[in-house]
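The structure appears right after this line, and notes come after that.
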Amino acid sequence: MGSLPVYALPILLTLGSGPGPVRSTVPAPPVKGGILDEEDAGFLDALVQDFLFDPKDAIPVRVPVSGSRAPSPNLFLHRSDRERGETAEGWFVRGVKGQPARVYFADGDWIPAPPGQIKQIDFEAYCIGRYSREGAHGRDLFADNLGAAECDLMLAAWLHRRGYDLLATKALAAAREGEKNPREALRVALAKRANQAMLRAFCARADAEALAHAERLFRLYADLIVERYPQAEAVLGDLKRRQAAGTFGKVPPKEGPRERASWDTRQTVGRLISALEEIDRGPEDVLGGWPSFTDHALYQAVAELGESAVPELIDAVERDERLTRCPEIRGSQGCCLGPPEPERVASVRDVVLRLLQDILRVRHWDPVGPEGPDDDSPRATAARLRHYWSTYGRLPFDDRMMAILTNPGAHASARREATEALLATHEVRRPSWSRWPSGDRREPPRVLTRFKAPTVAEAILTAMDQERAQMARENNEGGQRWDRVEDDYVDYLIDLGDGRAGPELARRAGVASNVRSRIRFARAAHALGVSGPLVRLARDTAAGPARLAPGSAPDESSDEATIVALRDVVELLADSGLPDADEALYALVDPAHPYYRIVSRVLLVDPSVLRSISPWKSHPFCLAILGRGLKDRGTTGVHYYLRGNEVEESNGTKPRRESVPADPDDRDTWLEHVEQRVADVAAERLSMIAVGLPAYHPLRRDADRVLTETKAILDRHARGFRPMTPIEMERFDSRFERIGFIPDIRPLARPATPDDVRNGRAVFHLDGKGKVSSTTLPAWLVLKADAEKVTAVVESDPWEVTMARAVLRRSAQAPAGLVVQVEVGPDGKLVYGVIFRNGIRAVRADEVDRIEPYEKK
1 MGSLPVYALP ILLTLGSGPG PVRSTVPAPP VKGGILDEED AGFLDALVQD FLFDPKDAIP
61 VRVPVSGSRA PSPNLFLHRS DRERGETAEG WFVRGVKGQP ARVYFADGDW IPAPPGQIKQ
121 IDFEAYCIGR YSREGAHGRD LFADNLGAAE CDLMLAAWLH RRGYDLLATK ALAAAREGEK
181 NPREALRVAL AKRANQAMLR AFCARADAEA LAHAERLFRL YADLIVERYP QAEAVLGDLK
241 RRQAAGTFGK VPPKEGPRER ASWDTRQTVG RLISALEEID RGPEDVLGGW PSFTDHALYQ
301 AVAELGESAV PELIDAVERD ERLTRCPEIR GSQGCCLGPP EPERVASVRD VVLRLLQDIL
361 RVRHWDPVGP EGPDDDSPRA TAARLRHYWS TYGRLPFDDR MMAILTNPGA HASARREATE
421 ALLATHEVRR PSWSRWPSGD RREPPRVLTR FKAPTVAEAI LTAMDQERAQ MARENNEGGQ
481 RWDRVEDDYV DYLIDLGDGR AGPELARRAG VASNVRSRIR FARAAHALGV SGPLVRLARD
541 TAAGPARLAP GSAPDESSDE ATIVALRDVV ELLADSGLPD ADEALYALVD PAHPYYRIVS
601 RVLLVDPSVL RSISPWKSHP FCLAILGRGL KDRGTTGVHY YLRGNEVEES NGTKPRRESV
661 PADPDDRDTW LEHVEQRVAD VAAERLSMIA VGLPAYHPLR RDADRVLTET KAILDRHARG
721 FRPMTPIEME RFDSRFERIG FIPDIRPLAR PATPDDVRNG RAVFHLDGKG KVSSTTLPAW
781 LVLKADAEKV TAVVESDPWE VTMARAVLRR SAQAPAGLVV QVEVGPDGKL VYGVIFRNGI
841 RAVRADEVDR IEPYEKK
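Under the working numbering, think of the first position of the sequence shown as 1, with each following residue one higher.
Right, dumping it as structure tokens:
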């Protein structure tokens, strides 16, 4: 909230032991009086009578607040930065008959008046400014504490009680502008504040404050509690329980290791469960949020007891009504804005249920019952837990999960959970399924040899078939839903890594009724060592007879299912790394191929291709198809206009502007307007995903020349592009793409020839007069010209050097090229063959600033 107007001059209130006079230098208040409708006056009086504080004889002040009071739950609130502490505006009332002075807030909440820290403010002057000059201070001055209408209503009541009915009339009119029932909105806001204040104080162990807030909440807003704050009664009851137990507001003693060492198991479980009520929020994290109660030492201590604690924990589920001190936050409340407001307090039962989930490693405690039980009362939940424990608790964990997985009477989600639990008994690391790095496979999980007839893989396949049959019986075998379920089961089999399942998965791939299932089973079989189905899919794709979407023609169809299916095939083949897959993808480049039109249209038209994770860009075959588009001079309907140093792109809807790719030092090199061609789209998309191609923009006068040069580079390297490594992606500033491509030029063990250059095996040749250099390749090369530009930028902006070194590493790092060829010329000087972000060329030694090693991450 903003600060008060400059004419609301604060003065220090001198507080003594008695109610002595308050000196004030505040300007004279506005004249009291004014006309207020009798009905409106009664309405405002009723607000004060029902729930608002009556400030008639009080002094408006500003006071510091801290601890559980910050931010305070009042409405007349001013916030300063958290680092400087919190302050709040309220009403100072002197003590009588030896009682200390108090500061009251909106609905009667109060704090003892802090001696020497109170400043008087001019409440009426603030209201004059608020209602006499529209918008001068903004109707939302108090918006971080109260909506504008509710705030206006509160101010109207206070002005009326203090005798300023003319101002009260304006405030009441403002309150009624945007709110049909500002009274109810004000009560709801105040009730929410009282509830939040109660929870905040309770979690901070400020139990006296929490009790005062609770009693105020029940006294003033009892009709709102059941619907809006159902836990308020439990908090009030827990406070009274702690009063009776003598723990009201006390910090619990810590039991050390020595004390616990003398307890037997039952004592340990009992005492630790008894202590769960003291779990608190812990310190705020760096973003002002709160950690989960699972991070608390008490929680960890019980969890370490494992299954020995299960019977007592089940008893606690049924009988324990206590609350912890840990707040719960639901939904997103942003970050870096201070601690979020609690919405409820975690109960001991909440903690115990989470402990049981962690210890038992499952959430389904009635695997043969309904997936969502109708009765989730503590008694019914405890009954399900006891039945689960008596049925399965005697079994080792793996046997327990296998019993559920192989039980045809268990519901599907329980069987899938059991499968996941079995796989979790060993660490599964799922890299790209098709590219297991050498030596990266872990030892087979123990469940592979632990079970026979059925094996875990056989049990998973059976569970999958039974779930599909059940969905079919329920007429619930919707394509997308079953796709997700089948995906889950196939992933389980891949994670399990049982090669014995490979032949069965291959068989299923061969009889799959749709392309998605065929892809899934071929992928899984390949991951388990049986690549036949994937090879057949690749060859079918290359030959063109496979129908990716049943009932639609593969060449001209625009059916979304066909496009999606073909996309999945492309992704599968691109990831597999098989020679047959490469052949199949490059077969799509032929305009005579049945799928060429689909792939070409997607790559040149579909905006989803611009996304970094698009599968269409996962293999260098896409460069060849985009390269064919460089010849297409047909227009797209998009227009480019040069507007100063910006380019405006318009397609008939709202135009989009962006800075020109380079400063147009010479206006003659830029056109004022062009209509986009298909070739322009192809060139722009190529420049996004491949390095070594010249920079391109449709408004450049040399655009056609660049198109020709780009096509020549693509033709020269043809199928000679490879995916960039992560370090290359970063150095070429392509880190926002999932993958990018670079010409795969490898060092020759001899001097390059003209034929090597023509066929993309070298960058340059020296007519046979050069010699191979001993320079280690690849390497990075920085040109003198680029190094000088970066030095100039850094020297002109020292803040960037000192304050943003992480950004500086990329933004102020000189652009580099990848050295793929080095030869010693006849003059004894080195010549470098370098791939730059936007070009491939030979570089003389006198152009080089430095050579940097190629460091692999």
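Using N, Cα and C, we set each Cβ at its ideal position, and we do this for glycine too.
In this text the structure is predicted, and so the values were computed from the model without any measurement.
Simplified DSSP assignment, three categories, for residue i
i, result
"Val691", "coil"
"His765", "coil"
"Val834", "strand"
"Arg79", "Any reading at Arg79 needs caution, since the residue's pLDDT is 32, under 50, leaving its predicted position unreliable; the model's value is listed next. The answer is coil: DSSP assigns Arg79 none of H, G, I, E or B."
"Thr635", "strand"
"Arg643", "strand"
"Glu321", "coil"
"Ser347", "strand"
"Lys856", "coil"
"Trp365", "coil"
"Asp280", "strand"
"Arg771", "Sequence inspection shows Lys at residue 771; the Arg mentioned does not correspond to that position. Looking at Lys771 - three-state DSSP - the assignment turns out to be strand."
"Gln883", "Because the chain spans 1 through 857 in this model, residue 883 falls outside it and cannot be assessed."
"Asp486", "Note on identity: in this sequence residue 486 is Glu, with Asp being the wrong assignment. If DSSP states are grouped into helix, strand and coil, Glu486 belongs with the helices."
"Lys119", "strand"
"Asn475", "coil"
"Lys250", "coil"
"Leu496", "helix"
Opening and closing residue of the alpha helix (DSSP H) in which residue i lies
i, result
"Asp398", "Phe397 to Leu405"
"Leu146", "Element bounds for Leu146: n/a, residue is neither H nor E."
"Arg516", "Val515 to Ala527"
"Ala418", "Ala412 to Leu423"
"Ala565", "Glu560 to Ser576"
"His387", "Pro378 to Tyr392"
"Lys240", "Ala232 to Ala245"
"Leu537", "Gly532 to Ala543"
Separation of residue j from residue i, as counted between CA atoms
i, j, result
"Pro853", "Glu583", "35 Å"
"Met724", "Val609", "18 Å"
"Asp280", "Ala816", "53 Å"
"Ser773", "Glu855", "20 Å"
"Phe242", "Glu209", "As written in the sequence, residue 242 is Arg, which differs from the Phe given in the question. Answer to the nearest angstrom: the Cα atoms are 14 Å apart."
"Arg841", "Ala762", "10 Å"
"Arg716", "Leu818", "18 Å"
"Asp315", "Leu47", "48 Å"
"Val456", "Leu448", "7 Å"
"Asn838", "Ala587", "28 Å"
"Asp590", "Ala787", "44 Å"
"Ala185", "Ala157", "15 Å"
"Leu423", "Arg361", "12 Å"
"Met464", "Val569", "23 Å"
"Glu486", "Val681", "38 Å"
"Val638", "Leu604", "14 Å"
"Leu865", "Arg344", "Here the chain has residues from 1 to 857 only, and residue 865 is not among them."
"Leu276", "Ala41", "52 Å"
"Arg633", "Ile519", "37 Å"
Strand pairing of residue i, partner residues [DSSP]
i, result
"Arg657", "Glu648"
"Gly90", "Val61"
"Phe721", "Pro743"
"His673", "Tyr641"
"Ala842", "Gly833"
"Tyr596", "Answer is none; Tyr596 lacks a bridge partner."
"Pro112", "Arg102"
"Arg700", "Trp670"
"Glu328", "Arg344"
Residue range of the beta strand (DSSP E) that includes residue i
i, result
"Leu224", "Counting along the chain, Leu224 falls outside any beta strand (DSSP E), though it belongs to the alpha helix (DSSP H) covering Asp207 to Arg228."
"Asp849", "Val848 to Pro853"
"Arg102", "Arg102 to Tyr104"
"Val824", "Gly817 to Val824"
"Ala779", "Ala779 to Leu783"
Nearest-angstrom beta carbon gap, residue j and residue i [assumed within contact, 8 Å]
i, j, result
"Leu405", "Ala453", "Not confirmed; about 14 Å, so no contact."
"Leu159", "Leu167", "5 Å"
"Lys784", "Glu823", "Not confirmed; about 20 Å, so no contact."
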